Amino acid sequence: TTYTSVNTTAGFSISQYTATGNNATVGHGLGVAPKMILFKNLNRTSGNAQSWGVYHQALGNTKFLQLDTTGAENQTSPTSLFFNDTSPTSSVFSIGTNNRVNADAGDTYIAYCFAEKTGYSKFGSYTGNGNADGTFVYTGMKPAFVMMKCSSHAVNWGIYDNKRVGYNEVKNVLFPNLSNVENTDLAPIDLLSNGFKMRRNDSANDQNNKGGATYIYMAFGQSLVGTNNIPANAF
Numbered sequence: 366t367t368y369t370s371v372n373t374t375a376g377f378s379i380s381q382y383t384a385t386g387n388n389a390t391v392g393h394g395l396g397v398a399p400k401m402i403l404f405k406n407l408n409r410t411s412g413n414a415q416s417w418g419v420y421h422q423a424l425g426n427t428k429f430l431q432l433d434t435t436g437a438e439n440q441t442s443p444t445s446l447f448f449n450d451t452s453p454t455s456s457v458f459s460i461g462t463n464n465r466v467n468a469d470a471g472d473t474y475i476a477y478c479f480a481e482k483t484g485y486s487k488f489g490s491y492t493g494n495g496n497a498d499g500t501f502v503y504t505g506m507k508p509a510f511v512m513m514k515c516s517s518h519a520v521n522w523g524i525y526d527n528k529r530v531g532y533n534e535v536k537n538v539l540f541p542n543l544s545n546v547e548n549t550d551l552a553p554i555d556l557l558s559n560g561f562k563m564r565r566n567d568s569a570n571d572q573n574n575k576g577g578a579t580y581i582y583m584a585f586g587q588s589l590v591g592t593n594n595i596p597a598n599a600f
């Protein structure tokens, strides 16, 4: 059983579904395959509460992250327990029998699904270079919000935005997996007209630019929609 709310212009949907305890597919309503999905069990009926599960296209359908932990990319054994080794389609996403996506029959789950929209949102990955002249990530628009995670190492998630500081360098970072206040001591980034750029050698903390480390991200700009209902680049 699935209930879905969809905004196809913004590329965002919320699906509430009931667990079956068996491999299944769930509708998302976006009309295109989502790039990133956040999962949460709302009412675990047996056992301990479960962490958030994260699907990201850059990691593929055999790996997952957890939004409330520092853990690096993980693989269940067998890998089919999480996404059934199946990537999302334009109509559904697949779930296995892992507790983070589909536990005991009758449990209720929420899935937040994000599709990519040119000039408004971008989901991808990059490799840190460990240099003061840090890695540049092209998004095709000016990001107002960036959330990133080192998928190859255990380190906090990080959120940067263009409001709390309001200018470059952006060094105020929030950690979704912690209750801490914002941190201003880690390597900053620049939010540019067409992407974002790391501004320090971050090999000591791994937050955004450790040499050779892999990072996944989600970025949003400003939604500028014309009379033709097509989002324009957010410059």
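Going by the working numbering, the letters in the sequence shown line up with residues 366 to 600, in that order. All residues carry an ideal CB built from backbone N, CA and C; glycine is no exception. As the structure is a computational prediction, the values presented were derived from the model and not from experiment.
Can you tell me which residues form a DSSP beta bridge with residue i?
i           : result
residue 539 : 524
residue 367 : 382
residue 506 : Bridge partners of residue 506: none, in fact.
residue 372 : 377
residue 532 : Note: residue 532 sits in no beta bridge, so no partner.
Measuring only the C-alpha atoms, how far is residue i from residue j?
i           : j           : result
residue 578 : residue 437 : 11 Å
residue 459 : residue 426 : 9 Å
residue 518 : residue 461 : 25 Å
residue 502 : residue 491 : 7 Å
residue 422 : residue 452 : 8 Å
residue 570 : residue 472 : 38 Å
residue 384 : residue 378 : 18 Å
residue 529 : residue 550 : 15 Å
residue 417 : residue 516 : 15 Å
residue 510 : residue 586 : 7 Å
residue 522 : residue 533 : 20 Å
residue 495 : residue 563 : 9 Å
residue 514 : residue 527 : 19 Å
residue 441 : residue 429 : 9 Å
In chain order, what residues of the same chain have a beta carbon less than 6 Å from the beta carbon of residue i, not counting five sequence neighbours either side?
i           : result
residue 504 : 487, 560 and 584
residue 476 : 380, 402 and 404
residue 512 : 524 and 583
residue 531 : none
How far does the beta strand (DSSP E) with residue i in it reach, from first residue to last?
i           : result
residue 404 : 401-406
residue 479 : 473-479
residue 556 : 554-557
residue 429 : Run containing residue 429: none; DSSP gives neither H nor E here.
residue 489 : 486-492
residue 568 : Careful: residue 568 lies outside any beta strand (DSSP E) and carries neither H nor E.
Would residue i pass as a contact of residue j if the rule is Cβ separation under 8 Å?
i           : j           : result
residue 464 : residue 431 : no
residue 485 : residue 406 : no
residue 435 : residue 542 : yes
residue 400 : residue 479 : yes
Grab me the residues of residue i's own chain with a C-beta within less than 7 Å of its C-beta, minus the 5 sequence neighbours each way, in chain order.
i           : result
residue 396 : 373 and 455
residue 565 : 497, 499, 552, 553 and 574
residue 444 : 427 and 450
residue 389 : 460 and 467
residue 457 : 390, 391, 392 and 393
residue 446 : 461, 462 and 463
residue 376 : 395, 479, 480, 481, 482 and 486
residue 409 : 415, 468 and 472
The alpha helix (DSSP H) with residue i in it runs from where to where?
i           : result
residue 424 : Careful: residue 424 lies outside any alpha helix (DSSP H) and carries neither H nor E.
residue 445 : 445-448
Once the 5 residues before and after residue i are set aside, which same chain residues still bring their CB inside 8 Å of it?
i           : result
residue 369 : 378, 379, 380, 381, 392, 393 and 394
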